[in-house]
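*Asks:* Using the numbering used here, the final residue of the sequence shown is 308, and nothing's skipped along the way.
Every residue gets a Cβ at the ideal spot worked out from N, C-alpha and C, and that includes glycine.
What follows is a single structure, and I will ask about it in a moment.
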Amino acid sequence: MIYDAIIIGRGPAGLSCAIYTTRGNLKTLVIGKTDSMLFKADKIENYYGFEHPIGGKELFETGEKQALRLGAEIKEDEVVGIEKTDNFKVICVNGEYEAKTVLLATGAPVVKAPVRKLDQFEGNGVSYCTTCDGFFYRNKKVGVLGYTDYAVHEALELMAFTSDITLYTNGMPLNISDKHKDSLSKLRISENKIKELDGQDKIEWVVFEDGSRESIEGLFVAYGSASSTSFALKMGIATEGKSIKVNDKMETNIPGLFAAGDCTGTFKQIAVAVGQGAIASRQMIEWVRKKR
Ligand SMILES: Cc1cc2nc3c(=O)[nH]c(=O)nc-3n(C[C@H](O)[C@H](O)[C@H](O)COP(=O)(O)OP(=O)(O)OC[C@H]3O[C@@H](n4cnc5c(N)ncnc54)[C@H](O)[C@@H]3O)c2cc1C
Numbered sequence: 017m018i019y020d021a022i023i024i025g026r027g028p029a030g031l032s033c034a035i036y037t038t039r040g041n042l043k044t045l046v047i048g049k050t051d052s053m054l055f056k057a058d059k060i061e062n063y064y065g066f067e068h069p070i071g072g073k074e075l076f077e078t079g080e081k082q083a084l085r086l087g088a089e090i091k092e093d094e095v096v097g098i099e100k101t102d103n104f105k106v107i108c109v110n111g112e113y114e115a116k117t118v119l120l121a122t123g124a125p126v127v128k129a130p131v132r133k134l135d136q137f138e139g140n141g142v143s144y145c146t147t148c149d150g151f152f153y154r155n156k157k158v159g160v161l162g163y164t165d166y167a168v169h170e171a172l173e174l175m176a177f178t179s180d181i182t183l184y185t186n187g188m189p190l191n192i193s194d195k196h197k198d199s200l201s202k203l204r205i206s207e208n209k210i211k212e213l214d215g216q217d218k219i220e221w222v223v224f225e226d227g228s229r230e231s232i233e234g235l236f237v238a239y240g241s242a243s244s245t246s247f248a249l250k251m252g253i254a255t256e257g258k259s260i261k262v263n264d265k266m267e268t269n270i271p272g273l274f275a276a277g278d279c280t281g282t283f284k285q286i287a288v289a290v291g292q293g294a295i296a297s298r299q300m301i302e303w304v305r306k307k308r
């Protein structure tokens with residue numbers, strides 16, 4: 017089954033967009049985890065329509081119920097990849113879905129992996145994109161920095177180029193779904209806490225806090241969840257710093273792919289996210305009608 021619209025993100029931007037797309041008769045799937053920034057907001061008193069402060073969790077729950085009542089389908093899942101086909105293929109931890117148009121509403125980019133000298137080796141052995149750079153590491157000894165399904169997904173993509181892959185969790189306990197548990201046997205796992213990276217011009221070593229070190233030729237970062245920035249790197253979506261670049265219609269440089277909310281790097285507020293979600297929905301409805 018092909019959805020008309022897939023919305024990645026269950027925060028104000030994504031749910032606002034879903035409210036409009038479902039009312040615009042688009043078969044809409046919203047995918048996200050339950051970790052919108054709203055959950056961090058104890059009391060909100062600057063969002064229109066509430067005489068008294070409302071809790072972020074309550075606002076989230078009400079918005080989600082509203083989108084569900086209007087016909088949106090909502091799945092609790094994590095997106096690990098998006099591929100451009102004739103439509104868009106959205107790859108999640110627990111399944112794959114296809115849609116004619118996609119909205120990125122993944123919130124502000126996640127914090128960087130806490131490893132010293134990671135920045136220093138970016139472009140010199142440290143990469144954030146297996147699709148872009150995997151080819152340069154054919155038969156080489158590489159690592160993936162991460163501990164979640166996203167990291168395992170990236171490691172499996174790298175297997176097309178090399179079988180010498182170590183998953184460096186940096187002391188974090190593995191947090192992998194059943195789907196990926198079997199795949200772990202194809203990888204070497206290091207759960208040592210990393211002190212820093214080392215090398216001359218390029219990355220050569222992973223240095224651990226216990227004083228030991230391992231040689232390495234490339235390190236792919238897939239720490240935590242895939243963020244809008246990770247999708248941007250893989251798909252060639254234009255960015256401005258860490259934010260997705262959009263025009264005033266919330267269009268990215270990829271036709272049919274839109275972005276809204278904190279991931280666009282604007283004024284990080286609920287009213288803005290909701291407004292951008294609404295603007296994107298109009299373009300998505302128009303896009304699907306043209307395709308029909
Ligand atoms: C402490 C705090 C207090 C705040 N107080 C206020 C306030 O008083 N007023 C106000 O207007 N704003 C406030 N904000 C800001 C507001 O919460 C954000 O601007 C707003 O939530 C942004 O909405 P969003 O939909 O863009 O992103 P988010 O709400 O962050 O939602 C992002 C969604 O994307 C999903 N996602 C991310 N990556 C993936 C992936 N790989 N796969 C699947 N899903 C993914 C997440 O699970 C989440 O559902 C506050 C923020 C914080 C942190």
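Can we say the region 96-105 touches the region 210-224, given the rule of at least three CB pairs closer than 8 Å?
*Replies:* The region 96-105 vs the region 210-224: no contact.
*Asks:* How about G72 and I90: are their beta carbons less than 9 Å apart?
*Replies:* It is not a contact, given that the beta carbons lie outside the stated cut-off.
*Asks:* With hydrogens ignored, establish whether the beta-carbon of G293 is closer than 8 Å to any heavy atom of ligand 1.
*Replies:* yes
*Asks:* Give, in chain order, every unbroken run of the beta strand (DSSP E) that is at least 3 residues long and sits entirely within the region 132-196.
*Replies:* Counting only unbroken stretches of 3 or more residues, the beta strand (DSSP E) elements lying wholly within the region 132-196 are 158-161, 181-184, in sequence order.
*Asks:* DSSP on R39, reduced to helix/strand/coil?
*Replies:* helix
*Asks:* When the distance is taken between beta carbons, is S297 closer than 9 Å to A34?
*Replies:* yes
*Asks:* Please go through the same chain and pick out, in chain order, the residues whose beta-carbon is closer than 7 Å to the beta-carbon of L249, but skip the five residues on each side of it.
*Replies:* Y144, C145, C148
*Asks:* From the DSSP output, in three-state form, read off L249 for me.
*Replies:* Here L249 sits in helix by DSSP.
*Asks:* Less than 8 Å between the CB atoms is what I'm expecting for V304 and D20, so what's the real figure, rounded?
*Replies:* In this structure V304 is in contact with D20, their Cβ atoms being roughly 5 Å apart against a cut-off of 8 Å.
*Asks:* Return the first residue and the last residue of the alpha helix (DSSP H) that K307 is part of.
*Replies:* 286-307
*Asks:* Alpha carbon to alpha carbon, what distance is there between G215 and A140?
*Replies:* The question names Ala, but residue 140 in the sequence shown is Asn. Spanning the two alpha carbons is a distance of roughly 10 Å.
*Asks:* Could you tell me if the beta carbon of G277 falls within a distance shorter than 8 Å of some heavy atom in ligand 1?
*Replies:* yes
*Asks:* CB-CB under 6 Å to I181, same chain, minus the five flanking residues each way: which ones, in chain order?
*Replies:* Excluding residues up to 5 positions away in sequence, V158, A171, L174, L203 lie with their Cβ nearer than 6 Å to the Cβ of I181 in the same chain.
*Asks:* Determine the DSSP secondary structure at F76, reduced to helix, strand or coil.
*Replies:* helix
*Asks:* Out of D198, N41, Q292, state which residue places its alpha-carbon closest to the alpha-carbon of T122.
*Replies:* Out of D198, N41, Q292, Q292 has the C-alpha closest to the C-alpha of T122.
*Asks:* What is the DSSP secondary structure of D217, reduced to helix, strand or coil?
*Replies:* coil
*Asks:* Distance check for C279 and A294, CA to CA, integer angstroms please.
*Replies:* 15 Å
*Asks:* For ligand 1, any of its heavy atoms closer than 8 Å to the Cβ of T50?
*Replies:* Yes, Cβ of T50 sits closer than 8 Å to a heavy atom of ligand 1.
*Asks:* So, does the region 162-169 touch the region 177-194, judging by three or more C-beta pairs under 8 Å?
*Replies:* With the cut-off at 8 Å, the region 162-169 and the region 177-194 touch.
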